[in-house]
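Below: one structure, written as structure tokens.
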Amino acid sequence: MPDEAISCIREYMLDFDICKCCIIRLTNGRCQQIDLLNVFHSQAYPDEFICKLCFGLLHNPYLCDIPRNLNESQNEVEFTNEEFDKYILLYLYKELNGSHYQYTAYQLRVTEPINIMLREQFLWDELTCMSTNHVNNNSNSSTIEKLNNLQTKFTKDDINALRSYAIPAKTAWKWIVDGKLSSLLKVSLLCYVFLICFTIIYDFEDVLFFI
Numbered sequence: 001m002p003d004e005a006i007s008c009i010r011e012y013m014l015d016f017d018i019c020k021c022c023i024i025r026l027t028n029g030r031c032q033q034i035d036l037l038n039v040f041h042s043q044a045y046p047d048e049f050i051c052k053l054c055f056g057l058l059h060n061p062y063l064c065d066i067p068r069n070l071n072e073s074q075n076e077v078e079f080t081n082e083e084f085d086k087y088i089l090l091y092l093y094k095e096l097n098g099s100h101y102q103y104t105a106y107q108l109r110v111t112e113p114i115n116i117m118l119r120e121q122f123l124w125d126e127l128t129c130m131s132t133n134h135v136n137n138n139s140n141s142s143t144i145e146k147l148n149n150l151q152t153k154f155t156k157d158d159i160n161a162l163r164s165y166a167i168p169a170k171t172a173w174k175w176i177v178d179g180k181l182s183s184l185l186k187v188s189l190l191c192y193v194f195l196i197c198f199t200i201i202y203d204f205e206d207v208l209f210f211i
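Under the UniProt record's numbering, the first residue of the sequence shown carries the number 1, and numbering increases by one thereafter.
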């Protein structure tokens with residue numbers, strides 16, 4: 001695929017308020033965990049920003065981060081009660097620690113929220129409608145204007161190629177959090193069976209709430 005086409009698609013995603021982690025997982029199917037982590041740590045968004053695809057799953061610190069890094073030599077983790085209530089990883093640690101289970105490793109299983117899958121479907125369909133294949137057979141002026149504004153044309157085959165190798169949001173989330181969970185639990189991750197379930201609620205303005 002031409003680099004110009006990928007750059008054009010990434011520019012469109014940025015204009016659509018999609019976070020950098022979502023952009024790299026959707027446009028670079030060969031992305032490795034270290035690549036995604038580098039992008040994650042380079043992100044800097046205002047508190048009110050919410051990715052239109054992942055709803056904050058890959059950039060909101062409450063959903064995928066901890067307040068501060070831990071020293072491996074620490075025997076106890078010290079966080080405030082407010083932090084335990086706000087950060088999902090700290091909440092997980094608190095619940096497991098309070099259960100008095102003994103474990104030497106853990107597995108991680110995540111079910112991807114249906115809202116994210118639906119949004120991704122919409123995004124791919126929208127990009128397909130902006131491809132040269134569609135515009136050549138469609139006289140809709142607004143679609144043509146959008147395509148011209150991008151300055152670089154891409155084809156439906158380009159979109160299908162990216163889509164076939166795109167990394168799921170749940171995989172990207174696991175890549176981001178597994179090291180943080182390991183530092184909290186002080187055990188290693190065996191593979192990607194915790195069942196982590198949380199609900200993302202949003203209003204018509206895509207304002208994120210976490211319960």
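Heads up, the beta-carbon is just placed ideally off N, CA and C, and yes, glycines get one too.
Check: Between the beta-carbon of glutamate 78 and the beta-carbon of proline 67, is there less than 7 angstroms?
Finding: no
Next item on the list: Measure the C-alpha to C-alpha separation of tyrosine 101 and cysteine 8 and round it to an integer number of angstroms.
Entry: 50 angstroms
Next item on the list: Pull up the CB-CB distance for isoleucine 176 and leucine 58, whole angstroms please, since I reckon it's below 8 angstroms.
Entry: 7 angstroms
Margin query: Is the separation between the beta-carbon of threonine 128 and that of lysine 153 shorter than 7 angstroms?
Written below: no
Next item on the list: Answer yes or no: does any C-beta atom of chain C fall closer than 7 angstroms to that of valine 110?
Entry: The structure shown contains no chain C; it is built from a single protein chain.
Check: Could you give the C-beta distance for valine 187 and tyrosine 62, rounded to a whole number, given that I count them as a contact under 8 angstroms?
Finding: 23 angstroms between Cβ atoms; not a contact.
Next item on the list: State the DSSP-derived secondary structure class of tyrosine 106, mapped to helix, strand or coil.
Entry: Strand, per DSSP.
Checklist line | Range covered by the alpha helix (DSSP H) that runs through glycine 98 | finding: 88-99
Checklist line | Three-state secondary structure assigned by DSSP to serine 131 | finding: coil
Next item on the list: For leucine 58, name the three-state secondary structure that DSSP assigns.
Entry: Judged by DSSP in its simplified three-state form, leucine 58 adopts coil rather than helix or strand.
Note to self: Cutting at 7 angstroms between CB atoms, please list the residues of its own chain near phenylalanine 16, excluding the five before and the five after it.
What the structure shows: Lys52
Item checked: Separation of tryptophan 173 from threonine 111, as counted between CA atoms -> 11 angstroms
Check: When burial is assigned at 16 or more other CB atoms within 10 Å of the CB, is phenylalanine 122 buried or exposed?
Finding: exposed
Note to self: Checking 7 angstroms against the spacing of the C-beta atoms, do tyrosine 165 and glycine 56 come in under that value?
What the structure shows: no
Notebook entry, point to check: Grouping DSSP H, G and I as helix and E and B as strand, with all else coil, what is leucine 189?
Noted result: strand
Notebook entry, point to check: Quick one: what's got a C-beta closer than 7 angstroms to methionine 1's C-beta in the same chain, skipping five residues either side?
Noted result: Asp158 and Ala161
Margin query: Using only CA atoms, which one of Thr80, Asp65, Asn38 and Asn115 lies nearest to aspartate 178?
Written below: Asp65
Note to self: For the alpha helix (DSSP H) containing residue 225, name the first residue and the last one.
What the structure shows: Coverage of the chain is limited to positions 1 through 211, which leaves residue 225 absent and any answer about it impossible.
Next item on the list: Quick one: measure Cβ to Cβ for arginine 10 and isoleucine 167, integer angstroms, because I've assumed they're closer than 8 angstroms.
Entry: In this structure arginine 10 does not touch isoleucine 167 by the C-beta definition: roughly 15 angstroms separates them, more than the 8 angstroms allowed.
Item checked: Coil, strand or helix - aspartate 157 by DSSP -> helix
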